[in-house]
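Encoded as structure tokens, the structure appears first; notes follow it.
There are 6 protein chains.
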Amino acid sequence: MTGISMAGLAGLSARGDAPGASSPPTQTTQGAAPIMPPASSSTRRERGLAALNRLTGATGEAVLESLQEIAPDIGDWIIDFAYGDVFARPGLDLRSRQFATIAALTAMGTAAPQLKVHIHGGLNVGCQPQEIIEVMLQMAVYAGFPAAINGIMVAKEVFEERDLTP
Amino acid sequence: MTGISMAGLAGLSARGDAPGASSPPTQTTQGAAPIMPPASSSTRRERGLAALNRLTGATGEAVLESLQEIAPDIGDWIIDFAYGDVFARPGLDLRSRQFATIAALTAMGTAAPQLKVHIHGGLNVGCQPQEIIEVMLQMAVYAGFPAAINGIMVAKEVFEERDLTP
Amino acid sequence: MTGISMAGLAGLSARGDAPGASSPPTQTTQGAAPIMPPASSSTRRERGLAALNRLTGATGEAVLESLQEIAPDIGDWIIDFAYGDVFARPGLDLRSRQFATIAALTAMGTAAPQLKVHIHGGLNVGCQPQEIIEVMLQMAVYAGFPAAINGIMVAKEVFEERDLTP
Amino acid sequence: MTGISMAGLAGLSARGDAPGASSPPTQTTQGAAPIMPPASSSTRRERGLAALNRLTGATGEAVLESLQEIAPDIGDWIIDFAYGDVFARPGLDLRSRQFATIAALTAMGTAAPQLKVHIHGGLNVGCQPQEIIEVMLQMAVYAGFPAAINGIMVAKEVFEERDLTP
Amino acid sequence: MTGISMAGLAGLSARGDAPGASSPPTQTTQGAAPIMPPASSSTRRERGLAALNRLTGATGEAVLESLQEIAPDIGDWIIDFAYGDVFARPGLDLRSRQFATIAALTAMGTAAPQLKVHIHGGLNVGCQPQEIIEVMLQMAVYAGFPAAINGIMVAKEVFEERDLTP
Amino acid sequence: MTGISMAGLAGLSARGDAPGASSPPTQTTQGAAPIMPPASSSTRRERGLAALNRLTGATGEAVLESLQEIAPDIGDWIIDFAYGDVFARPGLDLRSRQFATIAALTAMGTAAPQLKVHIHGGLNVGCQPQEIIEVMLQMAVYAGFPAAINGIMVAKEVFEERDLTP
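Residue numbers (the working numbering), protein chains in the order written: chain A, 1 to 166; chain B, 1001 to 1166; chain C, 2001 to 2166; chain D, 3001 to 3166; chain E, 4001 to 4166; chain F, 5001 to 5166.
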């Protein structure tokens, strides 16, 4: 229950420089992102760190650091459970996982900071800006126009940070 | 404000028997579903009916029929706006659209009948049963375990209706 | 804190037969329902019972009875606070109050039993069936199509119970 | 799919200077706002622009402009669908429509920017400040005190911008 | 990824007969339930099974069994993460944990089946029926009367199953 | 309908200096907070003011003052209903009441200002910082990680204002 160490967090960005993790996604717009490699021989922590790094890089690290002092255990759970147990599962490609998360957070309308992290994450695993907008437009049908508009405003912020245009 | 005619609704299932629409999806698990064909020359109504039929077949028809007497205009909007304007857009493959909708409805937890329609819809456009379960499992992280469990129970019902096992 | 007595509840329907309370609303579709009469000389309980009876009649009574055994105090609060303090306030006509409540419960999507009570209540104070449907159709824009459709299905049930057609 | 042109947006405020649109609402507190004039001969776009302008004036324009670059199509849908198809429908007066929207957005608690637009809109079609507060007070009963209080704080901001007191 | 075995599930109820686990809670109404015993030497699975059994007994088992066929991994997560990592933590007594869960599920209004499980769970760890009703009454203030009333109806059902009166 | 007077509000902080109200809570971590003293001879207003002061001190006063101008009646209801009728009830200790409120507001994710008030309130009636964090960590299971993380960030802010560390 000591939480993730600062060294562990630093390790996240160090890993971010590793060839496998940092290679830019090469999917075309419609191509599915590769599923995470087989994880049978790795621990939950290893799988979780690899997945977190693959998805969020520095953004995820910042969230974990802000939790470090007050509730370090949730940092552990994010790595071990959310990324190691859930996100790293085979059976669904990473792009589809991110479309699902972006859709849910947009529809819920209560998680703008996390939506921002996951729009970055989607772009990191090969989702195209316009595809992310498409997911949000679709939320107008299922969760109403305000949810869609507020989600689009978060996407706009992320795209501007990355000098992207949809 | 006359809403969709019963003849129009009958047309949905008639179209449902057309070769193009009823041919089983041939995507592999990771292959992206084809995007809707270019729609430039068709009307909103034509695009909407084609998309609704492609996705939901008889299930969607039943929903529209139940709305026919009391609020026919929402049936028009579902076809023209939700399917003709939104769902039929190019820019995102149909499988990804369904993962997004299934994720959102599972996370919201207030739309079990619509979730059921869209799980059927996902299966109709090539989402695999296990992929749909993966989306729901992921919702445990973002919307909590009760939302994920309740979504899985709806999926279970759909899979049983179709004699599928994830 | 003894809760409302059964005699008090019986009194609700007795009051329901009183001329003032049971006279059918005479507003035209666009006419605003009269605001509750000045309440200055009455107690919260008197105002609440009058308002509850004016709005819900037997439907409200059934809800209160089902709460009587397990949590009688919430029955008191519904009469004294929800109806006596809030609903009976001057400053907004009863029709507008019901449109507001019907809109909110439809958008929230978590309160079907209460939505049913308040659709009955809206009809009791002069909201027309088609107006109630209009409110729900409008919710498709703000809370999404599933919320609107599920609300319309509740309205359909109420209209059928009262042999109404929108 | 080119979205609304900037000229179209400029047109909104130009229309805002037209006599019919800019004449201040003359309803008394309890009088119902006039329903939109018969729309049979106008297009969805014309009806939508007229309704948007009638309701929001410059506020709505700002929202559309902020969406223009990143997701222009949702601007089209807001005009054509949300205002042209839904809001411009006869069958419910504009004041009641705004009470419904204000109630829903207050209860949902996830749409402060849109709530602000629609409080302005309500004032533009004849809702009185105190009536808007009444709707929000009523939400304390149906969605809890935090939802009501947060809604009132948004109203306070709008009233201050317009130098109004409830 | 083989999920929990049926033998493991059977083990839950077997453990339910063990003296330590099945001894009735002895707290007075205001006394805090004991915190879970130190867990340092046990595995996540052991801690989770002990906590699940302590809280839910047969009710929890039924939920896990219904998930077994379609999504066995979520059963693992419920035991290892939800109960082993979270619920079994020292730092907050079990009664307070249940009041928190009951409050949240009542306020959310989207998780009736889980609310039922956790009302049973609260009673199993020493929450008194009237205390559970108090938590729900309090939700009228924070999430509105419909949420409180719907929660009370679930509690009523549980109390009747156990022949309890609040 | 004159709302609470400023004198009444001043009275709140004056009472805050009274020995009984301001004495620091002496519970140990696991000890239950005392239930409010018998209220039979006091009025709703007296009970409400005492409870509000016991819980929130200056924080609650600030909220009431901000509502004073625009909607004074909701200030009355907060004192008389939320605190006088509900919170001041015997039958559940104050610590448990605060855990319940903190859990619900964290799970709902739409009430950050009120969550802040009630974290202060929890600390004022003897909840320990780490216990409040435990409640929020538990919400990761029931309402998802974003809800838990956003709640923890509000707690962090409160703890920093009070120079506390969990």
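Think of the CB as a built atom: it goes at the ideal place given N, C-alpha and C, for glycine as much as any other residue.
Mark residue i as exposed unless 16 or more other C-beta atoms lie within 10 angstroms of its C-beta, in which case mark it buried.
i	result
GLU4131 of chain E	buried
ASP163 of chain A	exposed
THR1056 of chain B	buried
THR5110 of chain F	buried
I want to verify the contact list: residues of chain D whose CB lies under 7 Å from the CB of residue i, in sequence order.
i	result
GLY4144 of chain E	VAL3141, TYR3142, ALA3143, GLY3144
LEU2105 of chain C	TYR3142
Give the secondary structure of residue i by DSSP, where H, G and I count as helix, E and B as strand, and everything else as coil.
i	result
THR957 of chain B	The structure shown does not extend to residue 957 of chain B, since chain B is modelled only from 1001 through 1166, so no value can be given for it.
PRO1146 of chain B	helix
VAL158 of chain A	helix
GLN128 of chain A	coil
ILE5079 of chain F	helix
ALA4088 of chain E	coil
ALA3062 of chain D	helix
GLU2069 of chain C	coil
THR2106 of chain C	helix
THR1043 of chain B	coil
Do you know offhand how far residue i's Cα is from residue j's?
i	j	result
PRO90 of chain A	GLU160 of chain A	32 Å
PRO2113 of chain C	SER4042 of chain E	46 Å
GLY2104 of chain C	PHE145 of chain A	Correcting the residue type first, residue 2104 of chain C is Ala in the shown sequence and not Gly. C-alpha separation (whole angstroms): 16 Å.
GLY4031 of chain E	LEU4092 of chain E	Because GLY4031 of chain E sits at a pLDDT of 47, beneath the cut-off of 50, its placement in the model cannot be relied upon, and the point is left open.
THR5101 of chain F	ARG1054 of chain B	47 Å
GLU69 of chain A	GLU5157 of chain F	12 Å
LEU3064 of chain D	GLY3075 of chain D	6 Å
PHE1087 of chain B	LEU1052 of chain B	9 Å
GLU2073 of chain C	ARG2097 of chain C	It should be noted that the sequence gives Asp, not Glu, for residue 2073 of chain C. In a straight line, the C-alpha of ASP2073 of chain C is about 24 Å away from that of ARG2097 of chain C.
GLU4061 of chain E	ASP4080 of chain E	14 Å
VAL125 of chain A	ILE5152 of chain F	28 Å
ALA107 of chain A	GLU5046 of chain F	43 Å
GLY5121 of chain F	ALA2082 of chain C	26 Å
CYS2127 of chain C	ALA3140 of chain D	22 Å
GLY1048 of chain B	PRO5129 of chain F	55 Å
SER3022 of chain D	ALA2050 of chain C	Confidence in SER3022 of chain D is poor, its pLDDT being 34 and thus under 50, which makes the residue's placement unreliable; the coordinate value appears in the next sentence. Taking the straight line joining both Cα atoms gives about 41 Å.
Name the chain D residues that come within less than 9 Å of residue i, Cβ to Cβ?
i	result
PRO5113 of chain F	PRO3146, ILE3149, ASN3150, MET3153
List the residues of chain D that residue i touches, going by C-beta distances under 8 Å, in chain order.
i	result
PHE1081 of chain B	TRP3077, PHE3081, ASP3085
ILE133 of chain A	ILE3070, ALA3071
LEU5067 of chain F	ILE3149, ILE3152
Please determine, among the options, the residue with the shortest C-alpha to C-alpha distance to residue i.
i	options	result
VAL117 of chain A	B:GLU1157, B:SER1066, B:TYR1142, B:GLN1128	B:TYR1142
SER2066 of chain C	E:ILE4149, E:GLN4128, E:ARG4095	E:ILE4149
LEU4137 of chain E	F:THR5110, F:GLU5157, F:ASP5085	F:ASP5085
ARG95 of chain A	B:GLU1061, B:GLU1134, B:PRO1072	B:GLU1134
ALA147 of chain A	A:GLY48, A:ALA50, A:LEU49, A:LEU115	A:LEU115
PRO166 of chain A	D:ALA3071, D:LEU3049, D:GLY3048	D:ALA3071
ALA2155 of chain C	C:ALA2140, C:ILE2119, C:TRP2077, C:CYS2127	C:ILE2119
ARG1044 of chain B	D:TRP3077, D:LEU3049, D:GLY3048	D:TRP3077
LEU4123 of chain E	E:PHE4099, E:LEU4049, E:ALA4050	E:PHE4099
Let me see if you follow: with CB-CB separation under 8 Å, is residue i close to chain H or not?
i	result
ALA1071 of chain B	Included in the structure are the protein chains A, B, C, D, E and F, with no chain H among them.
Anything in chain C within Cβ reach of residue i, meaning under 7 Å, just list it in chain order.
i	result
GLY3091 of chain D	GLN2130, GLU2131, GLU2134
Check the Cβ of residue i against every Cβ in chain B and list those closer than 9 Å, keeping chain order.
i	result
THR4043 of chain E	Simply none; closest approach about 21 Å.
Closer than 7 Å by beta-carbon distance: list the chain B residues that pair up with residue i, in chain order.
i	result
ARG97 of chain A	GLN1138
Can you name the residues of chain E whose CB is closer than 8 Å to the CB of residue i?
i	result
GLY1109 of chain B	MET4108, THR4110, ALA4111
LYS1116 of chain B	Within 8 Å Cβ-Cβ: nothing; LYS1116 of chain B doesn't reach chain E, min ~15 Å.
ILE2074 of chain C	LEU4137, ALA4140, PHE4145, ALA4148, ILE4149, ILE4152
Residues of chain F with a CB under 8 Å from the CB of residue i: which are they?
i	result
ALA4088 of chain E	Residues of chain F passing the Cβ test: none, with the nearest at roughly 11 Å.
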